[in-house]
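Undergrad: Sharing a structure, written as structure tokens. Questions coming.
Numbering (the UniProt record's numbering), first residue to last: 1 to 187.
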């Protein structure tokens, strides 16, 4: 059964906004830009989203849900080697090399600057990611403090994202990921 037309239009709006965010800051994107990119009228856009904040909230929810779904699909795949070093490498690499990394950094900035709904959604998902990682780390490293190592993983991942977005030539990201995964595995 095909998705209802409204769902398709909403999805097209969100896809268009996300694509525009890969090119420039959300602050520099108008509703008219989004309507044009989605090939719909401004009136149609306003029917579904009457503000950029509403689009941002749905983008946040969609992006974070995809990260969560991808993580769970990866760690629960019994056909893959999901040992602790591989789990850490996957988490770090996904956090740094994800093509939507600039969106995550933007969402973090929005949350820090006072967007309460974005902040609440991010904190909710961070708690979820922390819980999943803590459980998976503890299962792969009995006796380890899974909670601490999960927070360490998330914090390092965000720091690497910042360095990646800055295109810092002083950081060899792949070597850093390997060394950090090894360090956490051995502690």
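Positions of the beta carbon are idealized from the N, C-alpha and C atoms, including for glycine.
(1) Enumerated in chain order, which unbroken segments of the alpha helix (DSSP H) with a length of 4 residues or greater are wholly contained in the stretch 45-95?
(2) State the CB to CB distance for the pair residue 102 and residue 22, rounded to an integer number of angstroms; the pair is presumed to be in contact (CB under 8 Å).
(3) Spatial neighbours of residue 58 within its chain, please: CB distance less than 7 Å, with the 5 preceding and 5 following residues excluded, ordered by chain position.
(4) Give the DSSP-derived three-state secondary structure of residue 144 in the structure shown.
(5) Measuring straight from C-alpha to C-alpha, what distance separates residue 99 and residue 108?
(6) Excluding the five sequence neighbours on either side, which residues of its own chain have a C-beta within less than 7 Å of the C-beta of residue 167, listed in chain order?
(7) Specify, as a first and last residue, the run of the alpha helix (DSSP H) that residue 34 falls within.
(8) With 16 as the cutoff for other CB atoms within 10 Å, does residue 75 come out buried or exposed?
(9) Buried or exposed for residue 96, please, with buried defined as at least 16 other CB atoms from any protein chain shown within 10 angstroms of its CB.
(10) Terminal residues of the continuous alpha helix (DSSP H) containing residue 170?
(11) Are the beta-carbon atoms belonging to residue 200 and residue 84 less than 9 Å from one another?
(12) Taking Cβ positions, are residue 30 and residue 128 nearer each other than 9 Å?
(13) Tell me whether the stretch 151-163 and the stretch 128-137 touch, counting them as touching only if at least three CB pairs, one residue from each stretch, are closer than 8 Å.
(14) With 16 other CB atoms within 10 Å as the buried threshold, where does residue 60 fall?
(15) Please name the residue, chosen from 41, 36, 134, that lies closest to residue 72 on a Cα-to-Cα basis.
(16) When you compare each of 18, 65, 172, 46 to residue 121 by their alpha carbons, which one comes out closest?
(17) Relative to the C-alpha of residue 82, which residue among 38, 141, 117 is closest?
(18) I need the boundaries of the alpha helix (DSSP H) containing residue 12, first residue and last residue.
(19) What number of angstroms, rounded off, separates the C-alpha of residue 35 from the C-alpha of residue 42?
TA: Taking the structure as given:
(1) 52-75
(2) As a working mapping, residue 102 is identified with position 102 in the chain shown. As a working mapping, residue 22 is identified with position 22 in the chain shown. Yes, residue 102 and residue 22 are in contact; Cβ-Cβ is about 7 Å, under 8 Å.
(3) Here residue 58 refers to the residue found at position 58 when the chain shown is read from its first residue. Around residue 58: 14.
(4) Here the question's residue 144 lines up with position 144 in the chain shown. Residue 144: coil per DSSP, three-state reduction.
(5) One-based indexing of the chain shown puts residue 99 at position 99. One-based indexing of the chain shown puts residue 108 at position 108. Residue 99 and residue 108: Cα-Cα distance of roughly 16 Å.
(6) Numbered from its first residue, the chain shown carries residue 167 at position 167. Nothing listed; no residue qualifies.
(7) Translated into the one-based positions of the chain shown, residue 34 becomes position 34. First-last of the alpha helix (DSSP H) with residue 34: 31-38.
(8) To locate residue 75, count along the chain shown from 1; it is residue 75. Classification for residue 75: buried.
(9) Along the chain shown, read from residue 1 onward, the residue named residue 96 stands at position 96. Buried, because 16 or more other Cβ atoms sit within 10 Å of the Cβ of residue 96.
(10) Sequence index remark: in the chain shown, residue 170 carries index 170 (1-based). Here residue 170 belongs to no alpha helix (DSSP H), and DSSP marks it neither H nor E.
(11) In this structure the chain extends from 1 to 187, so residue 200 is not present and cannot be described.
(12) Here residue 30 refers to the residue found at position 30 when the chain shown is read from its first residue. Here residue 128 refers to the residue found at position 128 when the chain shown is read from its first residue. Result no, Cβ atoms of residue 30 and residue 128 do not sit closer than 9 Å.
(13) yes
(14) If you number the chain shown from 1, residue 60 lands on position 60. Classification for residue 60: buried.
(15) If you number the chain shown from 1, residue 72 lands on position 72. Checking every option, the nearest Cα to that of residue 72 belongs to 134.
(16) As a first step, residue 121 must be located in the chain shown, where it is residue number 121. Of the candidates 18, 65, 172, 46, the one whose C-alpha sits nearest the C-alpha of residue 121 is 65.
(17) In the chain shown, counting from the first residue as 1, residue 82 sits at position 82. Considering only alpha carbons, the answer is 141.
(18) For this step, residue 12 is matched to residue 12 along the chain shown. Run containing residue 12: 5-23, per the alpha helix (DSSP H) assignment.
(19) As a working note, residue 35 is residue 35 in the chain shown. As a working note, residue 42 is residue 42 in the chain shown. One C-alpha to the other measures close to 6 Å.
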